[in-house]
Each structure stands twice: as structure tokens, then as C-alpha cells.
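What follows is a set of notes on a single structure, which appears directly below.
Chains as they are written, first to last, in the working numbering: chain A, 1 to 289; chain B, 1001 to 1168; chain C, 2001 to 2784.
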């Protein structure tokens, strides 16, 4: 319940924050929403000597379309994503996702950047970002670099961010016409991590054939899973019942869930299959609109 | 109340809480909920768990509900805080407080302050919430006694009152 | 019939708003962690990471050096004062701080006291404990196997078997089974769960060296019993101990036992001479304090060809954890589990229970259980359904055929209980009507043809509350009477104190309503206090739904004594004889001359200003009530579920609860109790489990995994009632707080099994998680 001691730093700019990370190395952690980090500190599982609070840094919280991308500032709160008219009208998959992250209070503090940077396969945004083919912008001592989300999650709690880098922006290529996406999460109760969850993003041509397919899976592996075989299978095909079922089976086969209190492996794979079908179906519906 | 093994540099925290300016020098690791309860002496906000699940510690910070057990006091420096003690104004209970009493929305009272803060902001954002809106809006607040049904009614009562008498 | 008072008086039957709410809605409650005393310091418990290990050494040097640390107490320190062990509430003892070995993960090993809780937490980490791991026993079925480790070296008998208890007529029961043409059986587990009130346990122990008085602010459901036990165990003179149970944030049985943290805080305060606060964290609460259930039960029913039940045979294995700390009356090692014949007319029954030790947290009686009637009711309501299903009889109809009939009351069960009153068919009929049963069965038939899964579950429970008569009931030797003291002031207002202790049940309102009913003093003029052992009359506290049956009765009896004295004063004031007077709520009047009257307020004033000769001044009374029997509330709950074939999720579409608790004091408060208890039942049926892996590591020891439903998972509860008063209770009331926990789990489970019965499913153990349902669906080949 009581965290161990730490020194508290509050930089005013990103370069200042980066310098602090360089200075303190492994002893330092970025504090953004804190909704994953602070609980770990209270259980004394995380014991950073320095917390770098970036919450007051201006200009890191935005949701805007620019240059062919939907750009989300790293410090954008989940609640802001939920409330954004742009997200609500054009990116319902993001609304689906933000909506099921923890609970209302947590969503007021938790950030989209933090949700990705934590490297937890149980977090919800990774799968959605994978389905959307997103990129993240990492800002470090050498400036900015863009990392494709596919290459971002390395292993459990480990991302491609260098120790002195901060995730400052998420970029989602604006989907073309006839695109739609959905996120389906099964949780034991509101506020829980996913027993399993599936994000599906489709772009159809005029004949209803899948041109682009993105499928991401939550909490069914040591990292968020991109269901490549399922995506490949569906590309160029119509989303009929048989294809949906097969794609869903492929996605389930690509998952490597562990048994835990949420259920056994077979169940979770079964869920991936079921939720993939449902997510594809809703994505298809939304693509048609 | 404040101490620590390696004496981390204390920081001064200034807050405006329930309309009053308060300040104190605190250890960075001091949780906001302990700052409110023990440093500032406002014990209406409660601690119900240690894994940020129960919402009993919910307060309003700069207009948003937050779990004060999952924030450090230093993060709230310069912020405006509202706790349950701040709902009674100008000699009157807030319609939500009235509603909880009228509709039997509390039994042991331990979750009540957190519930009041969550529903306070809920009604600010959505003056006529449906039952589903209300249940979703309090999904970050656990209650063991009421089964939530009368809490829903309490919020509906308050929404009705506020629609008549003007919002607060 | 109870005469209805006006709303201004607010007697029985009025849903008056709660008087205690004002402070809670303003955040001005006074819970134990709100108590702040000058010079107060903080305690933090060091706990064992191992489930079973020898304690080789404890080194507190590093920890003691941390600035701000005031003391560190170990089992060795306590042993010097003979306090390393303390008696449990049930003929066993439990370690306060470990000596020799530890027996469950999270067991208390050392107590650190420091200037503030942050330093105490840091210091606790610095205490170095050396353990030598021992083989772990977590499966109660293996407890008496020859190869299993013996856990309790302190006991004379080197065995993990604690007790064997049996009741009923084995011979008659066996005979009935031999000749019965129809039999059904069921093995069901009432899984280990935890009451988890939102406020955890804790205390502020304040020993004043100058006055030699120890005050303990305590999360206690039974403050007087705790005071007496502190005195007996700690050797402190009882008049010098004051236990104050202030506002309690939920109890549900979790706050009945005495926990090591309390004892350590008291010892620390005695040693340091300053107030010591100890508040446990939620993890500590879930992992070390009184759990509930963990009953592994087998029931067999014998019936005739027509499905009329004849005999019941029950065998149960009870897992009590490392110490038998079950809080139950001394004559009942398995609590009131022998209520397992339920609402049905059995000719013969036999029940046996064996309790064993395992490397788990101690306890067993908790979570709104009416002393194990939750387990009993769950079992009988499940096995009745199993038999009904076997005979292909509708479960409502089957119950109808087997209910104890109204004319049979008072009814003596073959396991020794005498039910006071009941109308089981009446409650069930009402529930069936409210839910639209016939229509639902039609809908189910249609849905089945389409392969959709929908189920209807019924639970017609009877339970027993209000412990209890002195001849049968005592806890740790203290008889289970309860008390009320009422004092009326000159201006006609009153103050009442009881031996019970509300943890949210609304006593400040309901007891005032009893006084209002009996004396006609408006409930708003009556102050009710509980929980301060210096001022409240002795009582056994609030749990097992006993307050209304015991202290409620005492309140009525004390009020009637006051009314008797009031009559004398009225006669004096009206210059007539007592025989000429009649009572009408709030006043005495002369028979035939109703304008010649005196109100209770006028009489109260006279009690201090115009006292009749030969009478003492004042207007007050005390009553210690020894109930002649328990009271037996009952009801029928009906649950409708729909199952998602793709995910295994069960959605509760509807839940109708008809309860009968006799005459009701405050319908609004009763309804609130039902809502809350049903929500707990829902959680138990679908989400809650405290489990251990083979190394004794707790699984589900935080709120991340020990699941409390939110408002989103909780369905809308539809409530109704019938009224069958208790013939022996002063105002015909019965207890009710636990009925929803007692009755609902079976309704939920019966509904799920009913949804799957056409596939050949007979039973699924709780918690019925989505994955369990999905596994069944997969097995039956019907997963989406």
C-alpha cells in the first residue's frame, strides 16, 4: 500500500525530461497517467529512485487529423479520446477500446502513450493500434524517430523505446473510404484486464472484398499479437461466414495465451475465435456505412 | 506523519480544496489520499483497497474524478480539489446528498463519499443520464451493501431536482 | 396485527428515511481509521510469504535502526507474556505472532510500530526472517492421508482432523434409503470466499498510563464480547477496558473474530503508553482474516415413486485453514448446517461433518452466512432440483409437493430445529406470479428449439436467525441474549442503547421505530446508540441476522416496562385507577372519556416533576432478552438467465426475490438489505473464489482477482414479500439481513443448470465462471 521513497522531478519540456532520463538512467521512470506504474510502486514491485512527471508538459495532449494521419499526443487521456468528436464519429474502434480501459476514474488519468509504453500485452490499445497499422513517435536525445507498432512490442513489459526515450505521439494512417473497425473485449467484470480481446480493422472495395485487414489480439501472449495469418487469409476475400470462421480460427491458432485465474488456454483460444468473428462482423458493418 | 528512510527532498504542495487554499511540505511518495485525510484532516475520503480497484478514494481534481490513492500529492500541486466535505454549500446539501438519503442509497456509508464525487461529475457532464449511463458512470466505485439499485435511484432523484431548481 | 402509527410517529411499517445518513452523506462518519489521537503511532504487520515453514530466526536490528521506529514485537516477545497464542472463538487457539512455525501464507510474524505508517511500512521490509520450508497441505481431502504433513504440533492429538460431528437418526435414515424406490445424490462445493466489507479491519488501541484505562476503537461487530475476551486473555481488569465500535464500514461477519493485529496493537500501546493505530490493507484482509464457506458436501435424497421426499443424508468435509477460528455458538462445530433439511418435510435425516486443518488462513464462519445456513440452503436447494430433474417434474411443482405445510407449524425437523412459522407455498406462488413463470417456461421451450440457452432457477429457502436461547446458544461461554436500555427525558425525548452493533443495517433508525411503535414517541425524537461498551448494555453484537430477533425484542420489552410505569403515572395525573385506563399510541385515556388523557410526553415530564408516591423518579427500563427460539424467515427467489454460447457468459435477465421476515419495521431498509445480499450472492455464484496453489500461495488475494461486482454486472432486483409473523417474537418479526445470501446462490446455479439440463448437465460448481460454462458447452458440442 505504501510506495518506497523516490525523488520527484517535474520537467517543463520534453527535452528537459529526456535530459533527466539520461542523467538518472535505469533509476528513473516516466510518470504520465500513473495508473499502471503507481499501483506497482504501492505493491513495491517497481522501485524507481526518480519519477519524472511529464503531466505538466504543454502540447502533448491532442487528437487531430494532419498529413494523412490521425495524430494522438502521448499524454492524451483515455477520457479525452472517449470525448473527442473526431474519434466518436470517424474512429469508433478507438472509442470501443478507450471505453473498456479500466473504469471512469482511471480513464481520466491514464494516457494513450502510457498504455502503449508500458509494454503490457494485457493493455487494450496495443491490439487496436496493431489493427490500425499505427506508428509511435519516440523522442530522445537524438530527436524523434518513428517506430512501426508491429516492431514496438519486444517481450513482456519491454518495448522498442530506448531508456532515454519518451513516447510523444501515436500516428494512425487515416483509413480510406469503406473502412471500419471494432474492438471486442471479454472481461470478468468492468475494470478487469481482458480475458481475451480482439481488434479488427477492415477496408473493403466496392464489391465488399477485404482489401486491408488488421487484426490485433489482447492478453493472449507475452506481447500483443498481430494475427498475420488471419489477416493474410482474409485479404482479397469476401467476409462471408465461412471466411470469417476460418480467419477467426487462424487468429486463435496464432494466439499463445497462458492459463490463469481468467481461464484455461483452450478457453482463451476459443474466445479469440469467437471475438474475432464478432469484431470482424462489426468492422464490416461499420465499413459499409 | 511524514518520514522516510532515505529522506527524499520534500516538496511544497499548494492546493485549493473545497474552496480553501491549503499548503504543506510533503514527501513525494505521500499518496494524495493520505494528504487529504491526514495532512489536511479531511477524513470523508476513504481507503478501501490497495490495488486501485474500489474507488472509495475518489475525489474531483480540476473537474475530473480521480482515484486519490493512485496519485501522489505532489502531482496535485496547484490543482483545485473537491471532496465530499465540499458538497454542502451555503447551508444546503447538494441534491445528490439529498437523493442518497431520500432513496436509501447508502447503508454503511463507506463507499458513499466516492460515489457522491463520481455522480457529481456524472451529472455535470450528463444532466439526464439513463440508468445505463449511471451504472456505467459508477462502474469505478464498488459498494458491498446496497447492490447499487438505490444509488441509481438517488442519482435520478438528484437529476430531477437539479432540472427543476437549476444545476450546481 | 400491528396497529399502524402515523407517519409523524414513524412506527413499524413506515419507510422513514435513515437518521444516520446525515453524517455519512457529508463525509462526517467516524470510522476507525478516522480516529486521530494525540501522540498516536502506527503498526504494520510483517507476514509470512510461506504457507508452511519453520521459523528459524527473526532479525529486527536493521529495522529498529530506521529513524522513527519505536518498537518491533515478535512471537518470542509475546510468549514472555503468554500472549503468543490466543484462544479462538471455537475451542482452538491461534498464533498471534508466529513462534516455531508458520502455517499459512500471510500469517502474522512480527509487528512494527513507528511514528507514521510510511516509516512502519519501510521498517517492515527491513525485518529479516529466515524460514525453512515444510511440505504444504492445501487439499482438505488429503488432510487425513497418512502421507500428509501434520500441521498443528501444538495439539496433543497429532492429526489434521479437528472434529467429527453428527446429528439426526442414522438408523432411521439408512432404513428409509434402503426401502426408497427413488434416490438422487449430489456432490457440491461451497467454495472458499471472503466477505470483503469495503472498510478493512483495524483498531486504535489507547492505553492511558495515568488512568490505567485501555480504550480500543475497534472494527467490531460484537464490542462487549471483545471487551470480555480482551480482559480474560490479556489479564486486564474488565472495568478498565473500553471498546468503542464507532461507524463500521460493513461487517458481513468479517469483524466478529479477534485478529492478531488487534492484540499486537494493544500490547504495543500497553508497552509504549501511547495510542497505536493498526489498519490492515485490503490484501491483508483477503489473505489473513476470516474467510467463509469451504464446505465440500455430498447430499443424498430418498423419495417415493410420487416424488415425495422421505429422507436426507448429508456428509461434509469442512476446511478450516490453519486454526479453527470459526465464530459460531459453542454447541455447533458446523454452525447451523443442520438446517439442511430446508423447507421440506423429511421423515428422517442424518448429517455428519468432519473438520480438518490445512495451510490456509483460519476461519470459516462469515459472509452473511447465518452460521453455515448458506451452505445448508445451497445444498438442499440444489439437490432438490437434481431430484426434480431426475423425475422430470417441474422444480416449482416438485417443491410444492414437498413443502412443510402451514398447518404443520411449529414444525420440528428431524435434525432438531423447531421452525416457528412458515408459508412456503405462499411465498413461492407470489414469486412465480411476479416473474411470470408459465410464460417463461414457454419461452424456454421455444428457445431450446432454436438452440438458444435460457434457464430458470428457483430457490425456496428457510433459514434460522436470532441466536439465541440460552439453553442452546453461547459464544465462548457467553449466552446469546441481547439487550436494550431506554431512558425517556423530561421533555418526552428518548435515548436508547443496545448490545448489538450496526455495520450499515440502519439500527439508529429501526430501533427508534420500535420505540415509536411501542411508546408513541416519534422516531425522530429517539436517539439510538450502540458500540460503546462503557455505556451500552451487554450484548453479543450484530451478525447472523440476530439484531431484530434479540435486541429488537429487548427494545420492545423495555418499552413495555416503561409503558407499565407510564400507566401508573398517568393514573396519578388523571386521578383514576390504572384499570380505568386504555392505551392508544402515544397516550393513556380514561375508558369512556377519551378527552381525559395524558400523552407520553406529559407523562415523561411528570416522571421528573410530579412523581406519584411510592414510585421512583425517572422513566427508563432495561431488558435483557433471552429469545425462546430462533426465528425462521424464508422466501422464494427466482432467477432467469441467458447464456452466450460463444463466450460462456451468463447474463442474469431477471431476479425476483420474495422474502418473508414476519412483521417489518422499515420496508425500505429491508429492501436495501435484500438488494445488497443478492449482489453478494451473485458474486459468490459467478465470480468469487479464494484459492491456493499446491505451494499454498493465495490465488485471488487482492481486489484485482477477488472480484466484487460493479453496478454494471449487477442486475435489477425485483423484490416482494409475504408476511408470516413469528408467533414468539414480541412484535412478530424475524431477522432478514442474511436471507439473500442464504437463498440466492442456489437460485443462480439452478438457473444455469436448468439452461443446460436438456444437454444432460446436472451440476456446475460455483463460481460459475464463463470458462466453466464454455467447457461444458464444448463438451456437449454446442459452443458457437
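Each residue gets a CB set at the ideal place from its N, CA and C atoms; glycine is no exception.
* Would you say the region 2276-2285 of chain C touches the region 2166-2175 of chain C, given that touching needs at least three Cβ pairs under 8 Å? -> Not touching, per the Cβ criterion.
* Asked: Relative to the C-alpha of residue 2297/C, which residue among 2141/C, 2247/C, 2594/C and 2246/C is closest?
  -> Position 297 of the third chain, counted from the first residue, corresponds to residue 2297/C. Closest by alpha carbon: 2141/C.
* What does residue 49/A touch in chain C if you count any residue whose Cβ is under 7 Å from its own? -> For the purposes of this step, residue 49/A is taken as residue 49 along the first chain, with counting starting at 1. None at all; the shortest Cβ gap to chain C is about 15 Å.
* Report the residues of the region 78-112 of chain A with a CB closer than 8 Å to any CB of chain B, ordered along the chain. => Residues passing the 8 Å Cβ filter: 79, 102, 103, 104, 105, 106, 108 and 109.
* Asked: chain A beta carbons: is any one of them nearer than 8 Å to that of residue 1029/B?
  -> Residue mapping note: residue 1029/B aligns to position 29 of the second chain, counting from 1. For residue 1029/B, the closest Cβ of chain A is nearer than 8 Å.
* **Contiguous beta strand (DSSP E) assignments of at least 3 residues, all confined to the region 2717-2774 of chain C** => Counting whole runs of 3 or more residues, the region 2717-2774 of chain C contains the beta strand (DSSP E) stretches 2718-2721.
* **Rounded straight-line distance, which links the Cα of residue 2428/C to that of residue 2639/C** => Residue numbering aside, residue 2639/C sits at position 639 when the third chain is read from its first letter. Residue numbering aside, residue 2428/C sits at position 428 when the third chain is read from its first letter. Distance between the alpha carbons of residue 2639/C and residue 2428/C: 13 Å.
* **Cross-strand partners of residue 2608/C (DSSP beta bridge)** => Residue 2608/C sits at position 608 when you count from the first residue of the third chain. Paired residues: none, contrary to the question.
* Return the Cβ separation of residue 182/A and residue 96/A in integer angstroms, given the expectation that the two are a contact with Cβ distance under 8 Å. => Position 182 of the first chain holds residue 182/A. Position 96 of the first chain holds residue 96/A. That belief holds up - the Cβ atoms of residue 182/A and residue 96/A are roughly 6 Å apart, short of 8 Å.
* Asked: Can you give, in chain order, each stretch of the beta strand (DSSP E) that sits fully within the region 2375-2453 of chain C and has at least 3 residues?
  -> Listed in chain order, there is nothing to give.
* Work out the CA separation of residue 1051/B and residue 1/A for me, nearest whole Å. => The count along the first chain starts at 1 and reaches residue 1/A at position 1. The count along the second chain starts at 1 and reaches residue 1051/B at position 51. Just so you know, the alpha carbons of residue 1/A and residue 1051/B end up roughly 8 Å apart.
* Taking Cβ positions only, does residue 281/A come closer than 8 Å to chain B? -> Counting from one through the first chain, the residue named residue 281/A turns up at place 281. Output row for residue 281/A: interface = no.
* To do: Name the one or two DSSP bridge partners that residue 173/A has.
  => In the first chain, counting from the first residue as 1, residue 173/A sits at position 173. According to the DSSP secondary-structure assignment, residue 173/A is paired through a beta bridge with 69/A.
* Supposed contact pair residue 2641/C and residue 2766/C - C-beta distance, whole angstroms, cut 8 Å -> Translated into the one-based positions of the third chain, residue 2766/C becomes position 766. Translated into the one-based positions of the third chain, residue 2641/C becomes position 641. At roughly 14 Å, the Cβ-Cβ gap does not stay under 8 Å, so residue 2766/C and residue 2641/C are not in contact.
* List the residues of chain A that residue 1075/B touches, going by C-beta distances under 8 Å, in chain order. => Within the second chain, numbered from 1, the residue matching residue 1075/B stands at position 75. Residues of chain A whose Cβ lies closer than 8 Å to the Cβ of residue 1075/B are, in chain order, 31, 34, 53 and 55.
* Asked: Measuring CB to CB, does residue 2742/C end up less than 8 Å from residue 2753/C?
  -> As a working note, residue 2742/C is residue 742 in the third chain. As a working note, residue 2753/C is residue 753 in the third chain. No, these two residues do not count as a Cβ contact at 8 Å.
* Which ranges would you report for the beta strand (DSSP E) in the region 2304-2365 of chain C if only whole runs of at least 3 residues count? -> As far as the region 2304-2365 of chain C is concerned, its whole beta strand (DSSP E) runs of at least 3 residues are 2309-2319 and 2348-2356.
* So residue 2209/C is in the beta strand (DSSP E); what residue range does that whole segment cover? -> Locating residue 2209/C in the third chain gives position 209, counting from the first residue. Premise fails: residue 2209/C is in no beta strand (DSSP E) and is neither H nor E.
* **Cα-Cα separation, residue 2445/C to residue 2748/C** => If you number the third chain from 1, residue 2445/C lands on position 445. If you number the third chain from 1, residue 2748/C lands on position 748. Between the alpha carbons of residue 2445/C and residue 2748/C lies a gap of roughly 19 Å.
* How should residue 2673/C be labelled, buried or exposed, when 16 other C-beta atoms within 10 angstroms of its C-beta is the threshold for buried? -> In the third chain, residue 2673/C corresponds to position 673, counting from 1. Under a 10 Å Cβ-count criterion, residue 2673/C is classified as buried, with 16 or more other Cβ atoms of the shown protein chains found around its own Cβ.
* Asked: Tell me, which residues are paired with residue 2193/C by DSSP?
  -> The residue labelled residue 2193/C in the question sits at position 193 within the third chain. Its beta-bridge partners are 2292/C.
* To do: Using a Cβ-Cβ cut-off of 8 Å, state whether residue 235/A counts as contacting chain C.
  => Translated into the one-based positions of the first chain, residue 235/A becomes position 235. For residue 235/A, not one C-beta of chain C is nearer than 8 Å to its own C-beta.
* **Continuous beta strand (DSSP E) assignments of at least 3 residues falling wholly in the region 2628-2693 of chain C** => Listed in chain order, they are 2634-2643 and 2650-2660.
* Considering only residues of the same chain and omitting the five flanking positions on each side of residue 2515/C, which have a CB-CB separation below 8 Å? -> Residue numbering aside, residue 2515/C sits at position 515 when the third chain is read from its first letter. Cβ neighbours of residue 2515/C beyond the five flanking positions: 2486, 2494, 2496, 2521, 2523, 2526, 2555 and 2559.
* How would you call residue 2650/C, buried or exposed, if buried means at least 16 neighbouring beta carbons within 10 angstroms? -> Reading the third chain from its first residue, position 650 is the one you call residue 2650/C. That one is buried.
* Simplified DSSP state of residue 2565/C, which is helix, strand or coil -> For this step, residue 2565/C is matched to residue 565 along the third chain. Correct three-state label for residue 2565/C: helix.
* **Residue-level contact to chain A via CB, residue 1066/B, 8 Å cutoff** => For the purposes of this step, residue 1066/B is identified with residue 66 of the second chain, where counting begins at 1. For residue 1066/B, the nearest CB of chain A lies under 8 Å from its own CB, placing it at the interface with that chain.
* **Proximity winner among 2103/C, 2585/C, 2158/C and 2637/C, relative to residue 2054/C (alpha-carbon distances)** => In the third chain, residue 2054/C corresponds to position 54, counting from 1. Per the Cα distances, 2103/C.
* For residue 190/A, decide whether its Cβ has a neighbour in chain C, counting only Cβ atoms nearer than 8 Å. => What you label residue 190/A is simply residue 190 of the first chain in a count that begins at 1. Taking Cβ atoms only, chain C reaches closer than 8 Å to residue 190/A, which makes this a yes.
* Asked: How many angstroms separate the CA atom of residue 2318/C from the CA atom of residue 149/A?
  -> Within the third chain, numbered from 1, the residue matching residue 2318/C stands at position 318. Within the first chain, numbered from 1, the residue matching residue 149/A stands at position 149. Rounded to the nearest angstrom, the two C-alpha atoms are 53 Å apart.
* **CA-to-CA distance, residue 2305/C to residue 2725/C, given in whole angstroms** => For the purposes of this step, residue 2725/C is identified with residue 725 of the third chain, where counting begins at 1. For the purposes of this step, residue 2305/C is identified with residue 305 of the third chain, where counting begins at 1. Looking at the two C-alpha atoms, the distance is approximately 35 Å.
* alpha helix (DSSP H) runs contained entirely in the region 2030-2073 of chain C, provided each spans 4 or more residues -> Within the region 2030-2073 of chain C, the complete alpha helix (DSSP H) runs of at least 4 residues are 2061-2065.
* Where residue 185/A sits in the DSSP three-state scheme -> The residue given as residue 185/A occupies position 185 in the first chain. Look at residue 185/A here: in three-state DSSP terms it is strand.
* **N- and C-terminal bounds of the alpha helix (DSSP H) containing residue 2497/C** => Residue 2497/C sits at position 497 when you count from the first residue of the third chain. Premise fails: residue 2497/C lies in the beta strand (DSSP E), 2494-2498, not in any alpha helix (DSSP H).
* Selection of the region 2197-2212 of chain C by Cβ proximity to chain B, strictly under 7 Å -> The region 2197-2212 of chain C vs chain B, Cβ under 7 Å: 2197, 2198 and 2199.
* Asked: Secondary structure at residue 1014/B, three-state DSSP: helix, strand or coil?
  -> Counting from one through the second chain, the residue named residue 1014/B turns up at place 14. DSSP places residue 1014/B in strand when its eight states are reduced to three.
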